[in-house]
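Following: one structure in structure tokens, then a few remarks.
Number of protein chains: 2
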Amino acid sequence: MSAFEDAKARWAKIADLAAALSVLHWDQATYLPRRAFAARGRQLAALTETLHAHRTDPALGQLMERCGRELHGVDSESDEARMLCVAQRDFERARRVPAEFAARLAAHQSVGYVGWARAREADDFASIVPVLERTLEFSREYASFHPGFSHVADPLIDHADPGMTVARIEPLFAELRAFLVPLLRRIAERPKPDRSMLQDAFDAGAQIAFARRIVESMGYDFERGRMDLTPHPFMVRLAGDDVRITTRIGEDDLSDSLFSAIHEAGHALYELGIAPHFDRSPLGAGVSAGVHESQSRLWENLVCRSRPFWEHHLPQLQRSFPQLRRVDAESFYRAINCVEPSLIRTESDEVTYNLHVIIRFELELQMLTGELAVRDLAEAWNERYRSDLGIEPKGDSDGVLQDVHWYSDLIGGQFQCYALGNILSAQLFAAANAARSEIAEELAAGQFGSLRGWLLDNVHRYGRKLEADTLIERATGAPLRLDAYRAYLQRKFCDLYALDVGSPASTDATSVARTDLGSAFQ
Amino acid sequence: MSAFEDAKARWAKIADLAAALSVLHWDQATYLPRRAFAARGRQLAALTETLHAHRTDPALGQLMERCGRELHGVDSESDEARMLCVAQRDFERARRVPAEFAARLAAHQSVGYVGWARAREADDFASIVPVLERTLEFSREYASFHPGFSHVADPLIDHADPGMTVARIEPLFAELRAFLVPLLRRIAERPKPDRSMLQDAFDAGAQIAFARRIVESMGYDFERGRMDLTPHPFMVRLAGDDVRITTRIGEDDLSDSLFSAIHEAGHALYELGIAPHFDRSPLGAGVSAGVHESQSRLWENLVCRSRPFWEHHLPQLQRSFPQLRRVDAESFYRAINCVEPSLIRTESDEVTYNLHVIIRFELELQMLTGELAVRDLAEAWNERYRSDLGIEPKGDSDGVLQDVHWYSDLIGGQFQCYALGNILSAQLFAAANAARSEIAEELAAGQFGSLRGWLLDNVHRYGRKLEADTLIERATGAPLRLDAYRAYLQRKFCDLYALDVGSPASTDATSVARTDLGSAFQ
């Protein structure tokens, strides 16, 4: 099969150059000197252009056509057939984007990133508006390269979550919202748990050391990765044996850094678990942003915000932070699961989190369709927080500038994955527990082997071999659906807030006007 | 001048891709996870191959020919003419090296680096012999691409120090040796200063903080660079505004980390001082390894191992390390300038340092000509240390495995720059002091502005615009020669060891047999 071997060598080279590009991104987000951002932008642009040329080389297209003939009759579910199929889709998608566009975009994104960091520090959205207006133009231009979609956001969504569309997401989010809003309203009427123990002076070094121990116990391998500090935590695969996580430290808040490290380690376990023979092939990556997010959220919420987890781990935490020595596990569990509308998505609780996501998703659509001008974005953002969550950002850095996505990437397709991931995290966790009854017992003993094993066997090892929809269907016996997530949230939060589980939690979506919520939390 | 503008854009892209490659190297030497070295090797190979293709693109060659016609009649010392001249030389040199060789070499170097790190840890030269034998083959193959030199090492030397040859270096090193050996012999007869204050427990964090303060006061700009830890310190230019240094910490030795940080900062000031409009052009780099080393050694030795420097800075050091509070400046100055044959080049004193270099230079030549087999290198190394310095490595990690050069690069041209740099450091420092009389006074007050300004005006800003020989001649009024360096060492060490300056220090080279030295230091 010589054409296929040639194609594999080309895919491997593309993967290696893409990894080099990711090293530059990682460095930019962790260690780049303050005045080096402009230079880094040019370097990223040069490498992006080169990578794009390799990805869209007509010779690669011809080679893959020959591969298609070579593989004629081969099982369409074989590794080879799937590699070729995924590679051809990538090729087609890349080919539609002109090289000069890719280079211009890379340079723009680097400017955007540094502009965002400055604007955020200065709490000044207005300063970044011209950059973001260009980003919106880039986003529409990107969409225009992929005709045949029914909504301008669809190509952008498809890029992150292949197979997803506005038409699939909007009803799902409506259903989600219809269930969350009444739950949130009922919780708001109950007494709030005490969170004060989490807001104290916590030594940064001790926080890092504790986070390292936890992610290591989850199975994250520091010989195949590392953990560094960054303003906006992320995970990046630089190779099958080099999957790095990042976190940030709030010296007056324990939960932010801990749960962000766990979250990123959840992503990393996915990448580290992909079958080694998929490394440097088109299959050597997570299948979609939503499935990726299901892995981070599963570990962050279903495992590490659970009661058994802290019954086991609180004593270790107390050894690192003696000021917590009088706290009992139940109080700690209640504190880290306190539901309260807040301004920052990444710090928000499990019930309100999806509302943050839905706001962003809808604002993205409005900008792309032209209903909302970029210059009005901060005001629209604040208005949505007032109406949907009943609170208002103090400034832009707590509001529209909090997430890096729009400022370092495109507008569109950036946020749906977070809610999809939440939904999937519960669906997968339920399937894992149904398949392996020992998981619950192990979790209570601070052990994660069976859970990790099930995830490895049913999700991680496949990489991009199975499409996301197929993966979910095979792993859980059902397509993506809300049931498990709704049941999980209901069970957990009705218990925490002493609510009657049986009471109506799925109000018709249309009956929940946005303004309904405002008063509940003021 | 459209061909020239086109060429500039191509040079800029080459510079950007080369910078990306350097980011991968920097990351490999500082933060790469233990099990990621094989993957990094493949990434370096892929990017090297891509870079090589850009550097040797026949279209670039044709474009530069058109530039030559465009620039006909333009002053040959103009920026444009020099850019083209240097770029054409680079092109010709790169074109001679086949792309597949460059890729194979990059992959091999990465294997070599990780093999070296392991062999050094295990103190086991034998384990790396097969790798080093391949390196020697690579080195000879590299030399064979550049016919017309009179010695097999010449193309390798020329790559680092353009214009230098074995024929120029051998007599210079003989003269150097002839002067150092009697000086060393006389020093050996004198009482040794007390060095014990430098060997104590010094907090790593305090060492890093102090080193940061010193390099910052030298003028190193942390907004345009950073300092990280690595086993083998180096400086790397990632962009005109991103020039990074590295250091290592010995918790039981104060001088190693401090002087290595200063050394690398000396290199960095050179790169940071290159005229900004040379950035991303063929002129945007230091002109030769020897001139580069002159900058690091000037700051390390002539400035920071001087009496006035410590008269000013010792109180600051004492605030960082209270155990030094009873030490006076004169004793400290004597301690950091203690002359004593030792095993590690980078920790050796100014008098013996060049002997370390000469050993390596000669062993390189012997390997390249086939006089010495790689498998016999450790023994030959140890034999030379016995005969030349009167001491013997305890193991390979103190001996032949101490320097990374041969294991991560080629054999040949790796070490002459260190002795050339020493010689030039004194020649340049003397010229600077002659030109600006305020330098000495400023140094005594802990100020470096006038010295840095002279270096900027006479060395740094030129980048590769002037050839090394021209640069030296214009900056110092004379070609490279030993006089200033000999005078400097004589003045400094005759004072330190209470020797008569007038006594014969330049014995005829041939009269100093290698074995003469052995007895003097046993």
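Quick note, the sequences are listed as chains A and B, same order.
Residues in the first sequence are numbered consecutively from 883, following our numbering.
Residues in the second sequence are numbered consecutively from 883, following our numbering.
Where a beta carbon is used, it is the ideal one built from N, C-alpha and C, also for glycine.
These numbers were taken from a predicted model, which means no experiment stands behind them.
query: With a cut-off of 8 Å, does the C-beta of K895(B) fall near any C-beta of chain A?; result: yes
query: Across the stretch 933 to 940 of chain A and the stretch 1149 to 1159 of chain A, are there enough close Cβ pairs to call them in contact, namely three or more that are closer than 8 Å?; result: no
query: What residue range is occupied by the uninterrupted alpha helix (DSSP H) comprising M1434(B)?; result: The question about residue 1434(B) has no answer here: the residues shown for chain B are numbered 883 through 1404.
query: Note down, in chain order, every chain A residue with its Cβ under 7 Å from the Cβ of V905(B).; result: V905, L906, D909
query: For A1088(B), which residues in the same chain have their Cβ closer than 8 Å to its Cβ, ignoring the five residues on either side in sequence?; result: S1202, F1203
query: I need the straight-line Cα distance from S1099(B) to F1311(B), nearest angstrom please.; result: 18 Å
query: Say whether chain A places a C-beta atom closer than 8 Å to the C-beta of E1105(B).; result: yes
query: Candidates A1008(A), A894(A), H1287(A), R924(A): which alpha carbon is nearest A969(A)'s?; result: A894(A)
query: State the DSSP-derived secondary structure class of A1121(B), mapped to helix, strand or coil.; result: strand
query: Residue range of the beta strand (DSSP E) that D1110(B) falls in?; result: 1109 to 1111
query: For G1281(A), which of helix, strand or coil comes out of DSSP?; result: coil
query: Where do the N-terminal and C-terminal ends of the alpha helix (DSSP H) with D1138(B) fall, by residue?; result: 1136 to 1155
query: Nearest to A1121(B) by CA position, among A1369(A), Y1379(A), L914(A), is which residue?; result: L914(A)
query: What does I1127(A) pair with, by DSSP beta-bridge criteria?; result: M1109(A), M1117(A)
query: Residues of the stretch 994 to 1006 of chain A with a CB closer than 8 Å to any CB of chain B: list them in chain order, please.; result: none
query: How about L1111(A): is its C-beta nearer than 8 Å to some C-beta of chain B?; result: no
query: Below 8 Å on the Cβ atoms is my contact criterion, and I expect L1038(B) with S1026(B) to pass it. Report the Cβ-Cβ distance as a whole number of Å.; result: Incorrect: roughly 11 Å between the Cβ atoms, too far for contact.
query: Give the DSSP-derived three-state secondary structure of G881(B) in the structure shown.; result: The structure shown has nothing for residue 881(B), since chain B only spans 883 to 1404.
query: How should P1197(B) be labelled, buried or exposed, when 16 other C-beta atoms within 10 angstroms of its C-beta is the threshold for buried?; result: exposed
query: Secondary structure at S1393(B), three-state DSSP: helix, strand or coil?; result: Residue confidence for S1393(B) is low, a pLDDT of 41 falling below 50, so the modelled location carries little weight and cannot support an answer.
query: Is DSSP giving L1381(B) helix, strand or coil here?; result: coil
query: Among S1176(A), T912(A), L1206(A), V1221(A), which has the Cα closest to the Cα of L1362(A)?; result: S1176(A)
query: With H, G and I counted as helix, E and B as strand and the rest as coil, what does DSSP make of F1297(B)?; result: coil
query: Just mark E931(B) as buried or exposed, buried being the case when its beta carbon has 16 or more other beta carbons within 10 Å.; result: buried
query: Residues in the stretch 1168 to 1195 of chain B with C-beta within 7 Å of chain A's C-beta atoms, listed in sequence order?; result: none
query: Put C1220(A) into one of helix, strand or coil per three-state DSSP.; result: coil
query: Give the secondary structure of H907(B) by DSSP, where H, G and I count as helix, E and B as strand, and everything else as coil.; result: helix
query: Exposed or buried, T1251(A), counting other C-beta atoms within 10 Å across all chains shown (16 or more means buried)?; result: exposed
query: Report the rounded CA-to-CA distance for R1000(A) versus A1070(A), giving the unit in angstroms.; result: 36 Å
query: Give me, in chain order, the residues of the same chain whose beta-carbon lies closer than 7 Å to that of R1016(B); leave out the 5 immediate sequence neighbours on both sides.; result: H990
query: Under a three-way DSSP split, which group does K1347(B) fall into?; result: coil
query: If we cut at 8 Å on Cβ distances, does A902(A) have a partner in chain B?; result: yes
query: I'd like to know if T932(B) contacts chain A, where contact means its C-beta is closer than 8 Å to some C-beta of that chain.; result: yes
query: Taking buried to mean at least 16 other C-beta atoms within 10 Å of its own C-beta, is A1042(B) buried or exposed?; result: buried
query: Taking C-beta to C-beta, are A1086(B) and D1124(A) nearer than 8 Å?; result: no
query: For Y830(A), would you say it is in contact with chain B, using Cβ-to-Cβ distances shorter than 8 Å as the test?; result: Any property of residue 830(A) remains undetermined from this structure, which presents chain A solely from 883 to 1404.
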